[in-house]
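Numbering (our numbering), first residue to last: 30 to 562.
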């Protein structure tokens, strides 16, 4: 496989703050004849376990604009809604019924723990452990996400981006903090669902966020690429219209991944409350990292919620995976040639897992207020290394929410390792994320509450060595001072996600960011922690 630099060398911008070109994007629908031909081809291959999937459109995007967001210049944006609604990918009535059934237990019972393991190697906190961004724009949930680089840690939330300078102290110095509106230079609608990853091969930061729809035909999605390893400097900003067919569809819960050659984007598509499937497209790093325009095919109607991977090696295949709200299998797609015009997508292939269902809400001590645990989707990118694909999600464990990890062998489409993890036999555990290194060690973060033990929402961490059969509870990095009650809603929105990334300077360590409750219980906060073996 060609290296990235052979396809299109990565260059630095000509000047700081220069406008490269106005941002713009459009969709070209493929011809009816082409679609019919593709449909016939799919029918002929229906017997195959790996069906080839044809794209339905081409997304054309103009070259990026270079932006240097200044902390002392705050761009105003419309007054946001207080709460961003959760959109399940199953029928809303059926989903509400499943959640109601899951919530029909009273706290105080004990989990049906059947697994016993030998003593496990548990990661420990490595000094860095501090309060990060708190609610400032009035949006909830916070959608806490972050990534660690060689010189900085970058956090994104609804609707802010914060950058800290790396050093070996408990609290990191804040290097830059701006609203997402300022960062993306966009004020037409409120920005939310942000994500960030760090490309340690090319020393670039990738930041994404979506906005509420401007009209029945326009909804914006932004991709930002740092022009250097320094996230406090300039970024290439791409502004995409992701209402691909101008039909009032809503692009939701976008996820961000990458392989050796391309940046990977997925999202759930809705029309009203009706789920239409997930979208996927990939953009060559060689285009994005130079601020160049691009034209890429868009695949639609895929399984939701489709998690892209962070690929740690030079694998010729990239694997996307989705977990339905409940069931006995996952859906895996295989992508090849992600950075080229001949990109291929095949699948889905079913990966059999033990039966699972949507998790109940989490209880809090001292109140009848519950915390929303969402459905059983994969809320964050997978880690792909060799034949391993790592993921985690929150499911029902007896009458409790509990995260479960999966180490999937992509060569056999089987689960090679799995296991639930939780703080105690009476805790409610949820909002989990995972990352893994090339040695097969994994790292997780999750939220935990425990009414029996009187514990408010905790930021917890754990992990396991490759050979460990299971995963331990791990330590708590922070316990919230009170329960969360920002509104009259019950349950209160939480998450929707957290993040864990392996340390590019030491793969035996990882960094997490997760939600917490601030003093008084009316505002969300967040916590950043370094931990490792």
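Idealized CB from N, CA, C, for every residue including glycine.
- According to the DSSP assignment, residue 122 belongs to the alpha helix (DSSP H) that extends over 121-131.
- Here residue 212 carries a helix assignment [DSSP, helix/strand/coil].
- The beta carbon of residue 242 sits closer than 6 Å to the beta carbons of 248 from its chain, once the five residues preceding and following it are set aside; these are given in chain order.
- A check of alpha carbon separations from residue 197 across 210, 181, 263 identifies 181 as the nearest.
- Nearest C-alpha to residue 530 among 317, 558, 331, 336: 558.
- Of all C-beta pairs linking the stretch 416-424 to the stretch 363-378, fewer than three are shorter than 8 Å, placing the two stretches out of contact.
- If you draw a 10 Å sphere on the C-beta of residue 441, you find fewer than 16 other C-beta atoms in it, and that means exposed.
- Around the beta carbon of residue 525, a 10 Å sphere encloses 16 or more other beta carbons of the protein chains shown; the residue is thus reported as buried.
- Note on geometry: alpha-carbon atoms of residue 334 and residue 278 lie some 16 Å from one another.
- For residue 331, the enclosing beta strand (DSSP E) begins and ends at 323-331.
- Here residue 527 really is in contact with residue 462; their C-beta atoms are around 5 Å apart, less than 8 Å.
- With fewer than three CB-CB distances shorter than 8 Å, the stretch 368-380 does not count as touching the stretch 398-417.
- Taking 8 Å as the cut-off, the Cβ atoms of residue 512 and residue 413 do not count as close.
- A check of alpha carbon separations from residue 265 across 302, 322, 281 identifies 322 as the nearest.
- Shown here, residue 314 sits in a helix according to DSSP, grouped into three states.
- Looking at the DSSP output, residue 239 shares a beta bridge with 221, 250.
- For residue 546, the uninterrupted beta strand (DSSP E) segment begins and ends at 535-546.
- Taking the Cα of residue 466 as reference, the smallest distance to any Cα among 251, 374, 534, 207 is reached at 534.
- Rounded to whole angstroms, the Cβ separation of residue 283 and residue 250 is 6 Å, and the two are in contact under 8 Å.
- In terms of CA proximity to residue 142, 429 leads the group 174, 505, 429, 479.
- Residue pairing by DSSP places residue 526 opposite no residue, since no beta bridge is assigned to it.
- A straight-line Cα-Cα distance of about 19 Å links residue 159 and residue 179.
- Residue burial is scored here from C-beta neighbours: residue 81 has fewer than 16 other C-beta atoms within 10 angstroms and is therefore classed as exposed.
- Between residue 170 and residue 522 a beta carbon distance of about 4 Å is seen, short of the 8 Å cut, so the two are scored as contacting.
- In the structure shown, residue 419 adopts extended strand secondary structure according to DSSP, grouped into three states.
- With respect to the 8 Å criterion, residue 149 and residue 501 are classified as neighbours on the basis of their beta carbons.
- Going by C-alpha positions, residue 301 is about 12 Å away from residue 281.
- In the three-state DSSP reduction, residue 553 falls in the strand class (E or B).
- Taking residue 336 as reference, the option from 344, 307, 518, 327 with the minimal CA-CA separation is 307.
- If you ignore the 5 residues before and after residue 209, its C-beta comes within less than 7 Å of the C-beta of 188, 189, 190, 220, 223, 238, all in its own chain and listed in chain order.
- For residue 89, the enclosing beta strand (DSSP E) covers residues 86-90.
- Put simply, of 447, 550, 542 the residue whose alpha carbon is nearest the alpha carbon of residue 514 is 550.
- Cα atoms of residue 293 and residue 347: separation of roughly 10 Å, rounded to the nearest angstrom.
- Here the C-alpha atom of residue 312 lies approximately 29 Å from the C-alpha atom of residue 443.
- Residue environment for residue 203: exposed (fewer than 16 other C-beta atoms within 10 angstroms of its C-beta).
- Put simply, of 399, 370, 469, 455 the residue whose alpha carbon is nearest the alpha carbon of residue 415 is 469.
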